[in-house]
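Residue numbers (our numbering), protein chains in the order written: chain S, -14 to 300; chain V, -14 to 300.
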C-alpha cells in the first residue's frame, strides 16, 4: 500500500518538500497555514473578504501534473496597471471561492483543473489573523507585519496566537490520523510553521498520530523571527507549541554554503543555522540527523533529490 | 459525416447562436471579431499589450462542456478593489497570452481547460483598432467609442476600417473553406459583425466557400450604429462589404414583442427592426425567411430552440 505522507507548513519550504516527494508513489497530503495576509493575498482578503489563497496556490502548483503553461499560469504575476503585483493563481482561487461559496470547494475545483496528485488541505477554514507578542509586551497584528518587521527586529517573539480562535479543518485531522510520516517544515517558523499548531485540535492530532514525525529545520535564520537561532532553538520553539519528544527526527543540513552565497543573506540579516557541539545533552528522545541537504548553487535551499533520499530512508 | 457549421460574429449574439447549436452533433467553428477595446478588455489591451480576450471568452464559455463552477468562473466579474470590473476569463486569456507568447496558444490552452466542443477562432491575430468614418467626415477611433457613441449618435456611419490592416487567421480561412453552413450574426453590425469582413482575405474566402450562407438579422436597432434600420438596410450594409447575392438566406424574426419589453429598449434609442412590405423588389437571389425567433419574456433575444430548429431546416 502507498505510504501516507503529510507535510505541515506553507510557502516556499513546503513547495520544495512537495516537489521532492511528488514523483514517488506516495499518498501526499499538504496541510497549509492560513495566516498569510501580505501582498496579493492580503489585497484579496481586504477587498473581497476571501481566505488567503497564496500558500494553497504554491502547494497546488507543486503537486500539479498538468501542462507546463497551466502551471506557469497559476504562478503568473501581473506587472503594471490595475493588476500590478497580483498573482493569477490567487485570483483564480478567490474568484472560485466567491462562485462556489466556500474556499473548500474552490480548492477542490482548482485541484481538478491542475490535476493535483494528492491533497492540498487548508489547516483551517476560519478567517483568522496572526498576532505576535514580543518580549517587550508589544503585540504585532497581521502575518505580514511579523514577516516583514516594522518593529525593532531584534526583539524576540514571546508567543504568537490567532485572532479569533480557529477551528481545524476536518480533512487535516483525518490526514494526520492516517499518516505514516509527518514532515514539519521547512519554512518561516513563526509565520508559516507554528500558525498550523495554533489551530484548535491540531497539536492533539499530531501527538496522537502513530506517524513518524520529522522536523525539517531551516537552513537560514530570518530577520525579526529567528535571529541567531541554532537548530536547538528552532526545535525548542516547536516543542513549546507541540510538546517535548513529539518530534522523532530533526533533519539538519551539514553542508556549508560558500561565502558568496551567504553574502546576499547577510544583507537581510539572515545567517546560517548552526548546531552547537553539545546539542545531544539537550535532547531526550529526539534524534538529530546531520546530512548534506544543500543545493549546489544559487539561493540557499534544500536540494529536492537529496531531501527525497533522506526522507525515503526514514519511512 | 458531421455537418460543418461556421459562425461569424462576436459578443452576445454569437453566444446565443453557439448555445443554440452546441447540443447537436455538428462540427462547430466560431470565428470571432478582434476589434473590442472597451471595459475590462480595453484595460488589458492598454496595460499589457495583449489581444482582446472578451469576445473569445464568451464563445469559449458557449462551447464549454466543463463543470458549471468553471464556466461561471470564466464569466466572473470582480467588484470593488483594484480588480473592479475585470472579468476573470479575460484575465485568464491575457495572462496565458503572456506566458505562451501567443494569443493563438492561449486560446488553445483555455479551450482544453474548458473542454470546448469545437473551435473558437480569432478572425485575426493582428493587433488592430476599429475606426469609423461618419457621414460628416469625422473619424471615430476605437471600437468602444463607436459602440458607446460620444459623437452625435444620429450621424450615420459611412464606412469602417481597421488600423493597421489585419492579416487573417489561417484557421479562420480553413474553417470557411470546409464549411457546409456559414451563419453571420446576430450582433452589433459595425462593431461585432463587419470587423470580421475587414480582415484581409475573409471576404474572398466567404465568397469562394461552397457553404450555404445565412444572415441572422438583429432583432433591435442600436443607437449610433443602426438607428432606424430595416432588415433591408442591415442586409444592404452587409452587402457593401461582402458583395451582392453572397447571402443565401436572411433569417428574420416575425414575432412582435409586447410594449413592456420594448420600453426599456426605447430608453436606449433602440427599436424593433422592421421589414418593409416591398422588400422582395429589392432582392435578387437572397431569400428572406420570416419566422418566430423570439424568446417569450425578458430581454428581446433570439430563442435558442427556435433558432436551432430553423437552422436545422436550412442544412
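Backbone N, C-alpha and C define an ideal beta-carbon position, used for all residues, glycine too. All of these numbers come straight from a predicted model, not from anything done at the bench.
Member of S/271, S/284, S/274 whose CA lies at the smallest distance from the CA of residue 251 of chain S: Nearest of S/271, S/284, S/274 to residue 251 of chain S, Cα basis: S/284.
Can you list, in chain order, the residues of its chain whose CB lies under 8 Å from that of residue 36 of chain V, leaving out five sequence neighbours each side? Closer than 8 Å at the Cβ level, and outside the excluded window around residue 36 of chain V, lie 19, 30, 82, 88, 107, 110, 112.
List the residues of chain S whose Cβ lies closer than 8 Å to the Cβ of residue 54 of chain V, in chain order. By Cβ distance, chain S contributes 81, 84, 85, 90, 94.
In terms of residue numbering, what span does the alpha helix (DSSP H) encompassing residue 83 of chain V cover? Segment 73 to 85, the alpha helix (DSSP H) holding residue 83 of chain V.
In the structure shown, what three-state DSSP assignment does residue 133 of chain S receive? For residue 133 of chain S, the secondary structure class from DSSP, reduced to helix, strand or coil, is coil.
Cβ-based neighbour list, residue 238 of chain V, same chain, cut-off 6 Å, excluding 5 preceding and 5 following: Taken in chain order, the residues that qualify are 204, 278, 279.
Inter-residue Cα distance where the pair is residue 6 of chain S and residue 178 of chain V: A direct Cα-to-Cα measurement between residue 6 of chain S and residue 178 of chain V gives close to 53 Å.
Spell out a yes or no on whether the region 8 to 19 of chain S and the region 41 to 53 of chain V are touching, meaning 3 or more CB-CB pairs, one atom from each, closer than 8 Å. Short answer: they don't touch.
Residue 299 of chain V vs residue 159 of chain V beta-carbon contact at 8 Å: Contact flag unset, no.
Taking only beta-carbon positions, decide if residue 28 of chain S is within less than 8 Å of chain V. At a cut-off of 8 Å, the C-beta of residue 28 of chain S has a neighbouring C-beta in chain V.
Determine contact between the region 117 to 135 of chain S and the region 67 to 79 of chain S, defined as no fewer than three beta-carbon pairs at a distance below 8 Å. Too few Cβ pairs lie closer than 8 Å, so no.
Can you tell which of V/62, V/51, V/54, V/140 has the C-alpha that lies nearest to the C-alpha of residue 39 of chain V? The residue among V/62, V/51, V/54, V/140 with its C-alpha nearest the C-alpha of residue 39 of chain V is V/62.
Looking at the secondary structure, which residues open and close the beta strand (DSSP E) in which residue 235 of chain S lies? Boundaries of the beta strand (DSSP E) harbouring residue 235 of chain S: 234 to 238, taken from the DSSP string.
Quick one: list the residues of chain V neighbouring residue 78 of chain S, beta-carbon separation under 7 Å, in chain order. Going along chain V, no residue has its Cβ under 7 Å from residue 78 of chain S, so there is no contact; the nearest lies around 10 Å.
Check whether chain V comes within 8 Å of residue 35 of chain S, counting only Cβ atoms and requiring the distance to be less than that. No, no contact with chain V.
Between the beta-carbon of residue 16 of chain V and the beta-carbon of residue 151 of chain V, is there less than 8 Å? No. Outside cutoff.
Give the interface partners of residue 24 of chain V over in chain S, defined as CB-CB distance under 9 Å, in chain order. The premise fails here: residue 24 of chain V is roughly 12 Å from chain S at the closest Cβ pair, so nothing lies under 9 Å.
Which same chain residues end up closer than 6 Å to residue 104 of chain S when comparing Cβ atoms and leaving out the 5 residues on each side of it in sequence? The answer, listed in chain order, is 14.
Report, in whole angstroms, the separation of the C-beta atoms of residue 258 of chain S and residue 176 of chain S, which I expect to be a contact under 8 Å. In fact, because the Cβ distance is near 17 Å, the residues do not count as touching under 8 Å.
If you check the beta carbons only, do residue 198 of chain S and residue 217 of chain S fall under 8 Å apart? Contact flag unset, no.
Inter-residue Cα distance where the pair is residue -1 of chain S and residue 60 of chain V: Cα-Cα distance, rounded: 32 Å.
Can you pull the chain S residues whose beta carbon is under 7 Å from the beta carbon of residue 193 of chain V, in chain order? In chain order: nothing, as chain S lies at least about 35 Å away.
For a cutoff of 8 Å on Cβ pairs, would you count residue -2 of chain V as touching chain S? With 8 Å as the cut-off, residue -2 of chain V does not count as an interface residue toward chain S.
Span separating the alpha-carbon of residue 247 of chain S from that of residue 71 of chain V: Rounded to the nearest angstrom, the gap between the Cα atoms of residue 247 of chain S and residue 71 of chain V is 43 Å.
Of all Cβ atoms in chain V, is any one closer than 8 Å to the Cβ of residue 65 of chain S? Yes, residue 65 of chain S lies at the interface with chain V (some Cβ there is under 8 Å from its Cβ).
Is residue 204 of chain V helix, strand or coil when you go by DSSP? The answer is coil: DSSP assigns residue 204 of chain V none of H, G, I, E or B.
Residue 128 of chain V: which of V/116, V/136, V/139 sits nearest, CA to CA? The residue with the shortest Cα to Cα distance from residue 128 of chain V is V/116.
List the residues of chain V that residue 58 of chain S touches, going by C-beta distances under 7 Å, in chain order. 80, 81, 84, listed in chain order.
What whole-angstrom Cβ distance do residue 236 of chain S and residue 276 of chain S have, given they're in contact under 8 Å? Right, their Cβ atoms sit about 7 Å apart.
Express the C-alpha separation of residue 215 of chain V and residue 261 of chain V in angstroms, rounding to a whole number. The alpha-carbon separation between residue 261 of chain V and residue 215 of chain V amounts to approximately 7 Å.
Just to confirm, is the Cβ distance from residue 188 of chain S to residue 227 of chain S under 8 Å? When the beta-carbon positions are compared, residue 188 of chain S and residue 227 of chain S come within less than 8 Å of each other.
Below 8 Å between beta carbons: does that hold for residue 100 of chain V and residue 51 of chain V? Yes, Cβ-Cβ distance for residue 100 of chain V and residue 51 of chain V is below 8 Å.
What separation, rounded to the nearest whole angstrom, lies between the Cα atoms of residue 95 of chain V and residue 27 of chain V? When only Cα atoms are considered, residue 95 of chain V and residue 27 of chain V end up about 20 Å apart.
Contact criterion: CB-CB distance below 8 Å. Does residue 32 of chain V meet it with respect to chain S? For residue 32 of chain V, the answer is yes, since a Cβ of chain S falls inside 8 Å of its Cβ.
Between the CA atoms of residue 286 of chain V and residue 265 of chain V - distance to the nearest angstrom: Each residue's Cα considered, the two are about 26 Å apart.
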